[in-house]
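Report on the following structure.
Quick look at the structure:
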């Protein structure tokens, strides 16, 4: 017996030092099902960790005696190492079909008879593998620490994510696939919750970082968004957008910078979604009805061709302005131009000079002097932002340049350009369109009133976005925060309230109820309320 002890102590411990990575065993059907670092002694298989646990010494000793000291350790897919002399032997040296015990428990159909879900582990690496899909890996362990993932049907595990999506588990590959309802969510951190439906207490809530793309983004689509070429002298203006294979707007990224444009009538310059075409010598825009623009990416070969109608300066204005200079973009409340926020209004400051050399803010002069389209729209480098000439609400004779974001979302902050064009001058205002608000902090506070059985009262809270702005709108919070023990409700004015869920007490003792809030970025807040 002492000799066997020596084999175990020296052999197993030595391998732990050398390999230093015990791995839990799985269901046993073939050599491939046996994870590396598993120990086989006769008709029993053990994890390396289990075999070296002093609490299991007697069981291991009995197994060694029973099988005359033959011990095998799997270290890779090539075969086994015989523990007695350290030599490597072939896969066939161990008959997997004869194994009856797994970490001391009887195996039936490759699963321990008494096995039950005890722990669920989730790998925190999230891999993007499609336009709106990403995958993660998970592991389910039983009460002895054995990996039983393959034996637990997906229907037994409830899987949800903190964003609008579906989660599908595949036990055979131990993989979970998240299908996002909005592709913008794929660029945010999310919480994934896995719960065993049989043993509801077995639950794992894991914050996963933004998905990492399996394949590097590349230019997939080039679109000339303008249908008209607006001209001023010998220069024409248009706009464009570029998208990668995942549908992300990459116009203002290094990918977009690789796209070049050309035209049959002049030299084309492109920057941040804005095209300027300087007509070649001898060519006048007044001589043309249309212009052809071609854009191409030399790396992927993706290209586009668009034919734009030529709009002469004189066709939309009569030269009432000699110059205009755009200055700054401001908001009365000091807010930041943010994608998806259509309610916040900004104004572009300007200095306009009429044909007599005098400063002017007159709406009619500006409407006649600027090259505009549609409902008095100025040119912007992206359709995510609208710039419009409007009358000042407090003085109808005065013109203002109103700037708002559309409801469309973006995946990253986007540089944009607003252009004001007269018959002879062009001015550009550059700014940044911030990514739509994301709730990065949601802090619960204790209610100011006591709560009786069956009552629901207001739970104060403070929510902040990534720019430190306080968020109160229900539309901006709904779906962005996961509440437990309470509900997010919309008020008549569009703001949000949090109310505790009604709890009924049948006894005389007070109940202590936990209310928690988890944001998509993983920030956690909790309070305990007393139901009297």
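Numbering (this note's numbering), first residue to last: 8 to 539. Backbone N, C-alpha and C fix where the C-beta goes; we use that ideal spot for every residue, glycine too.
Item                                                                                                                                                                                   : Value
Could you check if residue 126 is buried or exposed, using at least 16 other CB atoms within 10 Å of its CB as the buried criterion?                                                   : exposed
If contact is defined by three or more beta carbon pairs under 8 angstroms, each pair taking one atom from either stretch, is the stretch 458-471 in contact with the stretch 425-437? : no
Assign residue 527 to one of two classes, buried (16 or more other C-beta atoms within 10 Å of its C-beta) or exposed (fewer than that).                                               : buried
In the stretch 265-344, which residue ranges form an unbroken alpha helix (DSSP H) of at least 4 residues, counting only runs that do not cross its ends?                              : 320-323
May I ask you to report which of helix, strand or coil DSSP gives residue 163?                                                                                                         : helix
Could you check where the beta strand (DSSP E) with residue 507 kicks off and where it finishes?                                                                                       : 503-507
For a test of the three-state rule: what should DSSP assign to residue 60, helix, strand or coil?                                                                                      : coil
Short of 8 angstroms in beta carbon distance, which residues of its chain neighbour residue 257, apart from the five on each side in sequence? Order them along the chain.             : 224, 226, 249, 250, 251, 263
Thinking just about the alpha-carbon of each residue, which of 110, 88, 455 is nearest to the one in residue 65?                                                                       : 110
When you compare the CB positions of residue 510 and residue 520, do they come within less than 8 angstroms of one another, or not?                                                    : yes
From residue 52 to residue 346, what does the alpha carbon distance come to, in whole angstroms?                                                                                       : 58 angstroms
Following the continuous alpha helix (DSSP H) through residue 373, name the residue where it begins and the one where it ends.                                                         : 370-376
If you reduce the DSSP assignment to three classes, tell me which class residue 468 lands in.                                                                                          : strand
Once the 5 residues before and after residue 116 are set aside, which same chain residues still bring their CB inside 7 angstroms of it?                                               : For residue 116, the pLDDT reaches just 49, beneath the cut-off of 50, and the residue's location in the model is therefore unreliable, leaving the point undetermined.
Nearest-angstrom Cα distance between residue 523 and residue 530?                                                                                                                      : 11 angstroms
Go through its chain and collect everything with a Cβ distance to residue 128's Cβ below 6 angstroms, but skip five positions before and after it.                                     : 146
How about the stretch 333-345 and the stretch 301-319: do they share at least three Cβ pairs that are nearer than 8 angstroms?                                                         : no
From which residue to which residue does the alpha helix (DSSP H) around residue 482 run?                                                                                              : 481-484
Taking the runs of the beta strand (DSSP E) that are 3 residues or longer, which of them lie wholly in the stretch 137-204?                                                            : 140-148, 164-168, 172-177, 182-187, 197-203
Check this for me: beta carbons of residue 454 and residue 393, under 8 angstroms apart or not?                                                                                        : no
Would you kindly check if the distance between the Cβ of residue 239 and the Cβ of residue 360 is under 8 angstroms?                                                                   : no
Where residue 375 and residue 507 are concerned, what is the direct C-alpha to C-alpha distance, given to the nearest angstrom?                                                        : 58 angstroms
Would you mind giving the Cβ-Cβ distance between residue 170 and residue 187, rounded to the nearest angstrom? I have them listed as a contact below 8 angstroms.                      : 7 angstroms
If I follow the unbroken beta strand (DSSP E) through residue 421, where does it start and stop?                                                                                       : 421-428
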